[in-house]
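Chains as they are written, first to last, in the numbering used here: chain A, 0 to 418; chain B, 0 to 418.
Worksheet: one structure, shown below.
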Ligand SMILES: NC(=O)c1ccc[n+]([C@@H]2O[C@H](COP(=O)([O-])OP(=O)(O)OC[C@H]3O[C@@H](n4cnc5c(N)ncnc54)[C@H](O)[C@@H]3O)[C@@H](O)[C@H]2O)c1
Ligand SMILES: NC(=O)c1ccc[n+]([C@@H]2O[C@H](COP(=O)([O-])OP(=O)(O)OC[C@H]3O[C@@H](n4cnc5c(N)ncnc54)[C@H](O)[C@@H]3O)[C@@H](O)[C@H]2O)c1
Ligand SMILES: [Fe+2]
Ligand SMILES: [Fe+2]
């Protein structure tokens with residue numbers, strides 16, 4: 000269980016200039032996306048930098064759902080700037096891009112694939128020191144401000160993959176609920192589904208003492224350790240908040256209490272899954288977003304087809320948890336209860352279906368697209384979706400139940416239609 | 000909010016040699032107390048150091064409930080040894096001594112009072128880097144493996160005080176439940192009461208947004224921030240474990256489940272209070288243990304009179320929470336419920352008495368001494384006890400309700416007899 004340093008409160012972002020000064024930063028890289036660059040969160044940060052006399056350059060070319068190409072562009076910018084600190088203001092797309100920029104600018108000799116997760120990349124351990132990075136999340140979803148993970152779409156293979164190393168974990172996360180007030184409803188919903196799946200997957204992940212291999216030297220152990228008594232606390236707490244506040248946060252932009260709580264839940268779930276890991280919803284989501292055809296998400300102000308990450312993970316959740324509940328059914332039933340199911344008369348062998356029904360109802364209430372079919376996939380795509388899931392072994396092997404290719408096919412098929 | 004770096008599991012202590020090797024340590028200081036130096040926890044650590052070819056020197060002169068004199072002795076040892084890393088194996092007494100040794104050996108020019116909390120010391124911020132310190136707790140109480148706090152008895156004033164700085168927080172805590180199997184019953188009980196009070200005090204501490212002053216520069220803010228949504232999670236979770244497992248852990252040395260859970264609860268409560276703070280039970284405990292006359296605690300294998308820390312905090316808890324429940328009665332009632340009270344028909348204005356009765360019953364069931372009178376104090380001592388509490392402003396000002404000297408007198412008086 001490792002350190003994540005976060006500061007929570009309405010208005011904490013205003014302190015970012017002082018924090019950078021305390022770190023001795025003189026030449027700062029401020030990263031965001033085009034959409035956010037005109038919105039208050041970025042303005043607040045710039046004002047604080049100016050007020051504290053911090054020189055900075057703005058990079059606002061982050062791609063929503065980044066790719067290797069977009070990462071490379073940010074990396075080149077970072078290399079040229081020779082920055083001594085980074086500030087990322089945005090959702091997971093921005094924070095992840097900034098982590099990659101910091102990593103490769105601190106390692107100018109390295110090849111891009113060096114640090115990308117195996118088997119797609121070489122998964123080398125990071126041994127050089129990075130510059131301080133302050134993450135200011137503006138969505139309530141990825142928890143990327145607390146994790147050592149950066150996700151991108153590897154265009155060549157049309158599949159998402161990432162970089163995972165404790166070295167890229169932000170130095171400090173400023174979790175400021177005021178930023179959530181500008182979030183469009185669909186971004187609240189989709190990023191909230193990401194929190195939901197982080198919590199459910201990390202809580203049901205293979206327990207830490209059953210994970211293998213278990214490298215004898217602590218330094219060789221992965222960040223994703225399997226579920227454990229510490230990550231469980233974060234995951235359960237995040238799930239409770241989702242159950243209580245997500246619908247309110249989606250429906251009412253002025254519900255500061257609900258949006259604040261979801262912002263905190265995102266960080267909690269991040270600490271949970273950042274230590275325990277995620278499994279099948281995430282493993283299967285990477286080809287779902289990588290192979291996107293023409294789907295355009297409402298409220299996402301971008302010029303390319305896009306399945307938002309949170310949507311790509313949640314659409315398979317009823318099928319996935321029906322499948323995984325064969326193992327550790329008590330935990331599955333417990334999460335269904337937290338999400339509002341009446342489990343008093345439920346049988347333990349029905350844990351999977353009970354949780355799946357609870358999730359379906361939850362998604363239906365929030366008008367979520369009716370399964371993979373509704374976002375453009377058909378039966379004919381299943382082999383490609385399965386093929387794109389196989390290299391995601393780093394996460395899929397944390398599922399409590401091993402999966403054959405047939406199992407994966409069946410899970411995609413069962414996710415075509417939800418209601 | 001900083002989360003601490005801990006590794007939990009039966010047997011994790013065996014990895015300490017590898018951890019030190021990964022840190023590049025070559026010349027290590029191993030600290031413990033005389034009693035523990037012959038017991039398995041220290042043996043396991045030494046075996047691991049030898050196996051990994053780590054040179055070390057053993058210091059086993061830690062005083063149980065340390066003093067400035069005993070701290071100085073350890074500091075001199077550390078200065079002479081020019082160590083590049085520290086391992087502390089023991090309870091709070093050992094971990095705290097080791098933190099102080101590391102701090103002053105890394106700052107050889109400084110005076111002892113420089114870093115001691117004001118108003119007794121100068122409370123200077125720490126600006127030099129310290130050496131890595133691995134803490135291996137063997138009691139289930141202080142949570143010192145997760146905190147930036149080191150407590151000692153300032154003999155000259157006959158009062159406990161301490162050093163508080165994020166800089167002295169251990170690099171890594173190895174929370175290994177196997178060590179708890181050797182703990183005598185009274186040490187389990189008293190250190191468990193410390194967990195109980197850490198959890199209750201941090202959960203009922205003044206909320207973070209009501210604390211004053213609130214320094215505008217984040218670097219000047221104290222580690223003790225008042226209760227907040229993150230520390231609350233740890234405090235409540237620790238309290239639930241105490242409610243479920245403390246009695247079992249005291250009564251049965253072989254109940255590994257209960258003792259393991261209490262070991263984890265100790266770290267959880269440490270993360271909670273290390274960020275939120277403690278208040279009156281702790282503030283008032285410092286003169287209770289500092290002014291000890293002849294009391295000798297059963298099961299504590301030491302040659303000096305001693306009121307164990309956990310006992311010194313818990314004896315005032317019924318009076319303290321009756322007093323503080325005037326503010327935030329809901330939280331007080333909630334903790335009573337977690338501790339087993341039936342609160343369905345309780346009135347909110349009775350929160351204080353309900354919690355106090357619950358605590359009294361809990362202590363009675365565990366045969367705890369009947370109040371301050373039973374450990375040697377009488378009415379005549381109250382002025383001295385109050386006087387010793389006044390300099391503990393750093394913690395007492397975190398109480399949800401301000402206290403006059405008369406209030407403090409009344410609290411000590413109400414704590415003379417419990418049942
Ligand atoms: N690093 C991790 O641990 C981790 C975990 C999960 C997901 N991810 C990755 O994060 C990415 C998704 O990130 P996300 O869901 O946070 O969204 P995002 O960063 O992709 O942003 C989504 C959209 O919302 C807009 N937006 C963001 N905040 C806003 C605000 N406050 N007001 C108005 N508009 C706002 C953005 O401009 C963008 O158009 C994916 O690439 C995903 O794979 C990373
Ligand atoms: N730093 C912090 O955050 C913090 C918090 C609370 C208390 N404290 C301080 O910690 C000290 C108390 O520490 P403690 O309660 O952990 O006890 P301790 O370190 O004083 O040890 C108590 C006794 O138990 C023995 N012992 C410890 N572990 C044992 C084991 N596994 N088997 C057999 N015997 C064992 C010791 O040898 C000693 O005799 C006090 O000075 C207190 O003020 C510090
Ligand atoms: Fe995610
Ligand atoms: Fe304590």
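Cβ atoms here follow ideal geometry from the backbone N, Cα and C, with glycine treated the same way.
Step through the CB atoms of chain A and report whether any lies within less than 8 Å of the CB of residue i.
i	result
residue 175 of chain B	no
residue 261 of chain B	no
residue 18 of chain B	yes
residue 274 of chain B	no
residue 229 of chain B	yes
residue 218 of chain B	yes
residue 60 of chain B	no
residue 251 of chain B	no
If you check the beta carbons only, do residue i and residue j fall under 8 Å apart?
i	j	result
residue 101 of chain A	residue 167 of chain A	yes
residue 85 of chain B	residue 132 of chain B	yes
residue 375 of chain A	residue 293 of chain A	yes
residue 397 of chain B	residue 278 of chain B	yes
residue 191 of chain A	residue 248 of chain A	yes
residue 144 of chain B	residue 174 of chain B	yes
residue 31 of chain B	residue 69 of chain B	no
residue 342 of chain A	residue 335 of chain A	yes
residue 365 of chain B	residue 246 of chain B	yes
residue 112 of chain B	residue 121 of chain B	yes
residue 39 of chain B	residue 94 of chain B	no
residue 378 of chain B	residue 412 of chain B	yes
residue 88 of chain A	residue 171 of chain A	no
residue 163 of chain B	residue 104 of chain B	no
residue 306 of chain A	residue 291 of chain A	yes
Counting C-beta neighbours from all protein chains within 10 Å, is the total for residue i 16 or more, i.e. buried, or is it exposed?
i	result
residue 300 of chain B	exposed
residue 165 of chain B	exposed
residue 401 of chain B	exposed
residue 117 of chain A	exposed
residue 5 of chain B	buried
residue 154 of chain B	exposed
residue 26 of chain B	exposed
residue 431 of chain B	With chain B covering 0 to 418 only, the question about residue 431 of chain B has no answer from this structure.
residue 260 of chain A	buried
residue 339 of chain A	exposed
residue 392 of chain B	exposed
residue 0 of chain A	With a pLDDT of 48 at residue 0 of chain A, under the threshold of 50, the predicted position of this residue should be treated as unreliable, though the coordinate-derived value follows. With 16 or more Cβ atoms within 10 Å of its Cβ, residue 0 of chain A is classed as buried.
residue 226 of chain A	buried
residue 52 of chain B	exposed
residue 23 of chain B	exposed
residue 126 of chain B	exposed
residue 189 of chain A	buried
residue 244 of chain A	buried
residue 159 of chain A	buried
Is the shortest distance between the beta-carbon of residue i and the beta-carbons of chain B less than 8 Å?
i	result
residue 14 of chain A	yes
residue 337 of chain A	no
residue 343 of chain A	no
residue 7 of chain A	yes
residue 401 of chain A	no
residue 232 of chain A	yes
residue 236 of chain A	yes
residue 500 of chain A	Outside the shown range of chain A, which is 0 to 418, sits residue 500 of chain A, and nothing can be said about it.
residue 0 of chain A	Per-residue confidence for residue 0 of chain A stands at a pLDDT of 48, beneath the threshold of 50, marking its modelled position as unreliable; no derived number is given.
residue 21 of chain A	yes
Counting by C-beta, which residues lie closer than 6 Å to a heavy atom of ligand 4, in chain order?
Those residues whose C-beta sits under 6 Å from the nearest heavy atom of ligand 4 are, from N- to C-terminal order along the chain, B:141, B:193, B:197, B:281, B:308 and B:312.
Take every Cβ of the stretch 260-279 of chain A, pair it with every Cβ of the stretch 237-244 of chain B, and state whether three or more of those distances are shorter than 8 Å.
Short answer: they don't touch.
Does the contact criterion of 3 or more C-beta pairs under 8 Å hold for the stretch 40-47 of chain A versus the stretch 281-291 of chain A?
The stretch 40-47 of chain A is not in contact with the stretch 281-291 of chain A.
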